[in-house]
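Before any comments, here is the structure.
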């Protein structure tokens, strides 16, 4: 085990000659397309259907970073997420539902994905879009019990990441990159602990777009009509015969 005082001198020796910047680089404002196809639908006679939704998310330097660590769990990062329980345990449509949030100093991305039985393509797509609306407080909002689990899970995942020398060094380097104190990552833990449902829903509403988030769907051709009925918007269609 090393203390912070022991770690900083060798870092200074190796990187201290790098030129300093007057200010940390500002993350660019997300730019969303408002025209053109929302996503892609691949029609092919596959054994299983596949759904993937991707949207912009905050960088780790953004105040909404802590909220998205919790949203990652709520949207599928934890086994107890509504989507995982509905898709896997409730209907048996899938082996599981997954969510991943990745963030750099300048941008972030959140991804939701699952592989499903072909006949459930419409139902699962509808569930995913409804869940995005819910965490944005458009349809019910986040419940206290699931929030408690998601906060705990997000906190544990943060601590796991810094449980090794490499993980703790990376966490400190990220904060130095945006001109914060090396131990500023600890503040993320405190912010996770303080988050309530309205704060998370507000963060979700600032970034997520249930009506426009890019989608990739791989479907059997006979299930396409039912999915079009959801009103997904303009989609590029690719047909594959085998």
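Residue numbers (this note's numbering): 113 to 354. Glycine is no exception: its CB is placed at the ideal position from the N, C-alpha and C atoms. Being a predicted model, the structure only gives us computed values, none of them experimental.
- Just so you know, the alpha carbons of residue 351 and residue 155 end up roughly 5 Å apart.
- The shortest CA-to-CA distance from residue 149 to any of 325, 353, 257 is the one to 325.
- In the structure shown, residue 331 adopts extended strand secondary structure according to DSSP, grouped into three states.
- Looking at the DSSP output, residue 347 bridges to 151.
- Separation of residue 266 and residue 304 (C-alpha to C-alpha, rounded to the nearest whole angstrom) is 8 Å.
- With fewer than three CB-CB distances shorter than 8 Å, the segment 216-224 does not count as touching the segment 272-283.
- Taken in chain order, the complete beta strand (DSSP E) segments of 3 or more residues contained in the segment 181-243 are 210-215, 220-228.
- Looking at the DSSP output, residue 263 shares a beta bridge with no other residue.
- Secondary structure within the segment 287-338: the alpha helix (DSSP H) runs of 4 or more consecutive residues, fully enclosed, are 297-306, 309-319 (chain order).
- Remark: three or more beta-carbon pairs, one from each stretch, lie closer than 8 Å, so the segment 232-252 and the segment 182-191 are flagged as touching.
- Where residue 342 is concerned, there is no enclosing alpha helix (DSSP H), because DSSP gives it neither an H nor an E.
- Check the Cα spacing between residue 221 and each of 205, 176, 241: the tightest is with 176.
- Around residue 182, the same chain offers 262, 263, 266, 304, 307, 312 as residues with beta carbons nearer than 7 Å, after the five sequence neighbours per side are excluded.
- An exposed status is given to residue 349, since fewer than 16 other beta-carbon atoms sit within 10 Å of its beta-carbon.
- In this structure, the alpha-carbon of residue 270 lies about 30 Å from that of residue 236.
- In the DSSP assignment, residue 163 is bridged to 226, 329.
- Taking the C-beta atoms as reference points, residue 211 is found no nearer than 8 Å to residue 258.
- The alpha carbon of residue 335 has as its nearest neighbour, out of 157, 119, 117, the alpha carbon of 157.
- Membership of residue 125 in the alpha helix (DSSP H) is indicated by the continuous run 116-127.
- Classified as exposed, residue 272 has fewer than 16 neighbouring CB atoms from the shown chains inside 10 Å of its CB.
- Nearest to residue 230 by alpha-carbon distance, out of 194, 295, 203, 126, is 203.
- Only residues of its own chain outside the window of five on either side were considered, and among them 217 have a CB closer than 7 Å to the CB of residue 289, listed in chain order.
- Assignment of residue 158 by DSSP, reduced to helix, strand and coil, places it in the coil class.
- A direct Cα-to-Cα measurement between residue 201 and residue 190 gives close to 14 Å.
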